[in-house]
Each structure stands twice: as structure tokens, then as C-alpha cells.
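Trainee:
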Amino acid sequence: MARASERKPNIRVFLDIRGFSGNPSRITELLGIEPDESWSKGDIVPAKFVSGRVIYDKSKSIKRKYSCWTIRASLKKYSFNMEDYIKDIIKKIAPVRNKFKKLPKSVNLMLCVWIDIYSPKESAPSLGLSIETMKFLSSINATLDIDISFVLSDRLQAVFK
Numbered sequence: 027m028a029r030a031s032e033r034k035p036n037i038r039v040f041l042d043i044r045g046f047s048g049n050p051s052r053i054t055e056l057l058g059i060e061p062d063e064s065w066s067k068g069d070i071v072p073a074k075f076v077s078g079r080v081i082y083d084k085s086k087s088i089k090r091k092y093s094c095w096t097i098r099a100s101l102k103k104y105s106f107n108m109e110d111y112i113k114d115i116i117k118k119i120a121p122v123r124n125k126f127k128k129l130p131k132s133v134n135l136m137l138c139v140w141i142d143i144y145s146p147k148e149s150a151p152s153l154g155l156s157i158e159t160m161k162f163l164s165s166i167n168a169t170l171d172i173d174i175s176f177v178l179s180d181r182l183q184a185v186f187k
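So, in C-alpha cells, the structure goes:
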């Protein structure tokens, strides 16, 4: 277990539906639940600021390469267990699980887990999944994508150059 003085990994978990043509509102209508975010292929990527720096500059008119419909995990309390975040998403979509079978075969249903670790001393989150969670993801034909990034401070980046 991590000490309070250690920085916690940044964990972001979301369910993406990609690979469909047309407006994401069609997915909303089919499933009967509202996404946390959605966009259409060709939409302009909004400017994004991280630590005061522009990551995506709106003036460069970067366009989305695919349409997407997203539900995000939103835990009230931080957890080092990845499955807690996934179960939060499952709670949101479980009532309509059978409607996922009506999605076009061309869609890519992906459960994405992004973990940013900022320090070598940081405790890594648990990546295990229960049989029930794996069965649920399989029942809606979801793939699982886990990305773990080790984000080095500017000082550490200079050491590794």
C-alpha cells in the first residue's frame, strides 16, 4: 500500500465505441444512455492545456480521424485497483448490456485503461480482473487495452538524455 506522501498513479478508464460511421447520437439512441463524450470523424480537436502549455493547438485545425462514443469511470474515492474503475463503467452500462449486441459488427468496442506513473517509488495499481468482469466484457464483445506510461519529471528526463 502506498504511503500518503507518495504520488498516486493517474488512472483513467473509459469505454470507447469506435469504427462507426455517422453521428454518435445514433449510438446513444440505440443504447439508451448518454455518453460522457462523443465526436464525429472530421470534427476539430479542441485546444488542450496541460501545465499551462498547449498540447493541441486549435489554430492548427487538427481533425478527428474517427468517430467515438465514450463512457468514463467516475469513482468518488481513489482506488489502486483497476477493476474498481471498470466495475464503475459496468454499473453504468449493465442495464443495457443486451443492446450492445445490436451494435453494427464494424464497431470496435474497447475498454481503455490509461495509467500514468510519475515516480519510480510510486506504487503500481493492481491490474487483475475477476472472472465476472471478464465474462461481462466478453458478453458485450469489448476488447481491453491497457497503457502504462512512466512520466518522468524534467529533471529525470535530463538524466536520461
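Just add 26 to the spot in the sequence shown (first one is 1) and you have this note's numbering. Note that CB positions come from ideal geometry on N, CA and C, so glycine has one too.
Let's test the definition: count the other Cβ atoms within 10 Å of the Cβ of residue 35 and tell me whether it reaches 16, buried, or not, exposed.
Mentor: Counting from one through the sequence shown, the residue named residue 35 turns up at place 9. Under this definition residue 35 is a buried residue.
Trainee: Quick one: Cα of residue 176 to Cα of residue 109, how far?
Mentor: Numbered from its first residue, the sequence shown carries residue 176 at position 150. Numbered from its first residue, the sequence shown carries residue 109 at position 83. Their backbone Cα atoms lie some 20 Å apart in a straight line.
Trainee: Rounded to the nearest angstrom, what separates residue 41 and residue 134 at their Cα positions?
Mentor: Residue 41 sits at position 15 when you count from the first residue of the sequence shown. Residue 134 sits at position 108 when you count from the first residue of the sequence shown. Straight-line Cα distance between these residues: approximately 10 Å.
Trainee: Whole angstroms is fine: what's the gap from residue 160's alpha carbon to residue 49's?
Mentor: Here residue 160 corresponds to residue number 134 of the sequence shown, with the count starting at 1. Here residue 49 corresponds to residue number 23 of the sequence shown, with the count starting at 1. Using only the alpha carbons, I get a separation of about 30 Å.
Trainee: Can you tell me which residues form a DSSP beta bridge with residue 174?
Mentor: What you label residue 174 is simply residue 148 of the sequence shown in a count that begins at 1. Partner(s): 141.
Trainee: Between the alpha carbons of residue 57 and residue 131, how many angstroms are there, rounded?
Mentor: Numbered from its first residue, the sequence shown carries residue 57 at position 31. Numbered from its first residue, the sequence shown carries residue 131 at position 105. Roughly 15 Å separates the two Cα atoms.
Trainee: For residue 126, which residues of its own chain have a beta-carbon under 6 Å away from its beta-carbon, when the five flanking residues on both sides are left out?
Mentor: Position 100 of the sequence shown, counted from the first residue, corresponds to residue 126. Cβ neighbours of residue 126 beyond the five flanking positions: 166.
Trainee: Just the C-alpha distance for residue 115 and residue 103, rounded to the nearest angstrom, thanks.
Mentor: Numbered from its first residue, the sequence shown carries residue 115 at position 89. Numbered from its first residue, the sequence shown carries residue 103 at position 77. Using only the alpha carbons, I get a separation of about 15 Å.
Trainee: Going straight from the alpha carbon of residue 93 to that of residue 138, what length do you get?
Mentor: For the purposes of this step, residue 93 is identified with residue 67 of the sequence shown, where counting begins at 1. For the purposes of this step, residue 138 is identified with residue 112 of the sequence shown, where counting begins at 1. Rounded to whole angstroms, residue 93 to residue 138 spans 16 Å at the Cα level.
Trainee: When burial is assigned at 16 or more other CB atoms within 10 Å of the CB, is residue 91 buried or exposed?
Mentor: Counting from one through the sequence shown, the residue named residue 91 turns up at place 65. Exposed: under 16 other Cβ atoms inside 10 Å.
Trainee: Compute the Euclidean distance between the alpha carbons of residue 143 and residue 152, then round it to the nearest angstrom.
Mentor: Taking the sequence shown and counting its residues from 1, one reaches residue 143 at position 117. Taking the sequence shown and counting its residues from 1, one reaches residue 152 at position 126. Roughly 13 Å between the two C-alpha positions.
Trainee: What does a CB cutoff of less than 6 Å around residue 99 pick up in its chain, not counting 5 residues either side in sequence?
Mentor: Translated into positions along the sequence shown, residue 99 becomes position 73. Answer for residue 99: 39, 111, 114, 115, listed in chain order.
Trainee: Is residue 172 buried or exposed, if buried means 16 or more other CB atoms sit within 10 Å of its CB?
Mentor: As a first step, residue 172 is located in the sequence shown; it is residue number 146 there, counting from the start. Classification for residue 172: exposed.
Trainee: To which residues does DSSP link residue 39 through a beta bridge?
Mentor: Translated into the one-based positions of the sequence shown, residue 39 becomes position 13. Residue 39 pairs with 139.
Trainee: Over the uninterrupted beta strand (DSSP E) stretch that includes residue 33, give me the two end residues.
Mentor: Indexing the sequence shown from 1 puts residue 33 at position 7. First-last for residue 33: undefined, no H or E at that position.
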